[in-house]
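Participant: This structure is in structure tokens; I'll ask about it shortly.
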């Protein structure tokens, strides 16, 4: 289950994905339902536990300047970025999502 609400399961999300696909942007949902959120390959890559070196999208950071290394250096201020699935999977070492 995604949370304690029994109606909020991966099956439910799969059946309602057209309306609720945005929920997969939250790493706790995406990691709970990797097949539904179509991130199985990314989860496998993240299991290597190595941050990628490419720029990542962090809204508060200057465009194109944010990398996992930048996030690690600014983690106290921007740790919330790891709540986004794309960031958590791109920066598994920094975000602590290596054991997904």
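Residue numbers (the numbering used here): 366 to 465.
We put the CB at the ideal spot given by N, CA and C, even for glycine.
Quick check on residue 442: buried or exposed, where buried means 16 or more other Cβ atoms within 10 Å of its Cβ?
Facilitator: On the chain shown, position 77 is the one that residue 442 refers to. That one is exposed.
Participant: Taking the beta carbon of residue 448 as the centre, do at least 16 other beta carbons fall within 10 Å, making it buried, or is it exposed?
Facilitator: For the purposes of this step, residue 448 is taken as residue 83 along the chain shown, with counting starting at 1. When all chains shown are included, residue 448 counts as exposed.
Participant: Would you report the Cα separation of residue 407 and residue 418, rounded to the nearest angstrom?
Facilitator: Counted from its first residue, the chain shown places residue 407 at position 42. Counted from its first residue, the chain shown places residue 418 at position 53. Residue 407 and residue 418: Cα-Cα distance of roughly 15 Å.
Participant: Are there 16 or more other CB atoms within 10 angstroms of the CB of residue 394, so buried, or fewer, so exposed?
Facilitator: Position 29 of the chain shown, counted from the first residue, corresponds to residue 394. Its Cβ being crowded by 16 or more others within 10 Å, residue 394 is buried.
Participant: When you compare the CB positions of residue 462 and residue 436, do they come within less than 9 Å of one another, or not?
Facilitator: On the chain shown, residue 462 is found 97 positions in, with the first residue counted as 1. On the chain shown, residue 436 is found 71 positions in, with the first residue counted as 1. In this structure, residue 436 does not lie closer than 9 Å to residue 462 by Cβ.
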